[in-house]
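Going by our numbering, the letters in the sequence shown line up with residues 8 to 200, in that order.
Heads up, the beta-carbon is just placed ideally off N, CA and C, and yes, glycines get one too.
Computed from a predicted model, the values in this text were never measured in an experiment.
In what follows, a single structure is set out as structure tokens and then discussed.
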Amino acid sequence: MRVDWKPGTLIYPLPAVLISCGTMEDGGANILTASWVSTACTNPPMCVVGIRPERHSHSIIKEQGTFAINLSTVSMARETDWCGVVSGRREDKFAACGFTKEAGTVLGVPLIEESPISLECRVREITSLGSHDLFLADIVGVRADEQYIDPETGAFDMKRAGLLVYAHGEYFGLGEYIGHFGWSVRKKKTKRR
Numbered sequence: 008m009r010v011d012w013k014p015g016t017l018i019y020p021l022p023a024v025l026i027s028c029g030t031m032e033d034g035g036a037n038i039l040t041a042s043w044v045s046t047a048c049t050n051p052p053m054c055v056v057g058i059r060p061e062r063h064s065h066s067i068i069k070e071q072g073t074f075a076i077n078l079s080t081v082s083m084a085r086e087t088d089w090c091g092v093v094s095g096r097r098e099d100k101f102a103a104c105g106f107t108k109e110a111g112t113v114l115g116v117p118l119i120e121e122s123p124i125s126l127e128c129r130v131r132e133i134t135s136l137g138s139h140d141l142f143l144a145d146i147v148g149v150r151a152d153e154q155y156i157d158p159e160t161g162a163f164d165m166k167r168a169g170l171l172v173y174a175h176g177e178y179f180g181l182g183e184y185i186g187h188f189g190w191s192v193r194k195k196k197t198k199r200r
């Protein structure tokens with residue numbers, strides 16, 4: 008039996024990502040854990056990120072107009088959670104997590120080298136929504152760990168990367184592969200006689 012429930016943010020699972028921002032200088036970078044992240048457009052490539060105004064990273068991103076989305080993995084789960092509950096005003100999160108800071112090749116924004124894939128983003132628009140501000144951004148650069156790129160197809164292997172997702176206060180690894188886009192309508196190959 009289905010019942011009515013109070014309205015809430017129950018669109019899950021979501022990616023558990025590490026947003027990096029700031030400068031490459033010692034102590035100039037910060038990391039924020041976020042799950043309110045989504046693709047907004049394919050061409051040009053754009054994304055959206057929801058960030059609370061009181062978060063330390065909010066003012067850095069608003070002022071500089073750049074940030075990076077670093078996908079997180081199951082092996083990075085502890086650091087991902089920690090970066091979401093500890094303030095960058097008091098901690099150097101790169102140092103505390105043992106992450107290697109890597110300069111993005113397009114914007115120079117700090118990336119997390121341990122992330123299997125990082126997206127450099129330039130803020131296009133900020134919309135105040137209430138508890139969060141929505142940052143609409145152009146994805147202007149992508150750095151990927153080549154061990155997860157299929158040399159034949161050029162596709163990024165999400166399963167092998169062991170990506171982390173967030174669902175209603177809990178973290179999970181991605182589950183079993185089911186199919187690719189359009190597999191439900193793809194015609195089966197017939198054998199020739």
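Close CB contacts of G111 within its chain, under the 8 Å cut and outside five residues either way in sequence, are with A75, P117, L118, S125, E127, G148, R150 (chain order).
The Cβ atoms of T87 and S94 lie no closer than 8 Å to each other. As the crow flies, the alpha-carbon of G180 is around 14 Å from that of P123.
Nearest C-alpha to I26 among I38, D33, E32: I38.
Three or more Cβ pairs closer than 8 Å define a contact, and the stretch 41-51 falls short of that threshold against the stretch 100-108.
The secondary-structure analysis by DSSP pairs V56 across a beta bridge with V44, F142. In this structure, D152 is the residue among L171, V172, D152 with its C-alpha nearest to the C-alpha of F163. DSSP places F106 in the coil class of the three-state scheme, outside both helix and strand. In the pairwise beta carbon analysis, the stretch 129-147 is classified as touching the stretch 60-74: at least three pairs are separated by under 8 Å.
By the Cβ neighbour-count rule, T107 is exposed, with fewer than 16 other Cβ atoms within 10 Å of its own. Beta bridge pairing from DSSP links F163 with I156.
Its chain contains V172, A174 as the residues whose beta carbon lies nearer than 6 Å to that of P20, once the 5 sequence neighbours on both sides are disregarded; these appear in chain order. Comparing alpha-carbon positions, the option among T46, C90, S45, Q154 lying closest to S64 turns out to be C90.
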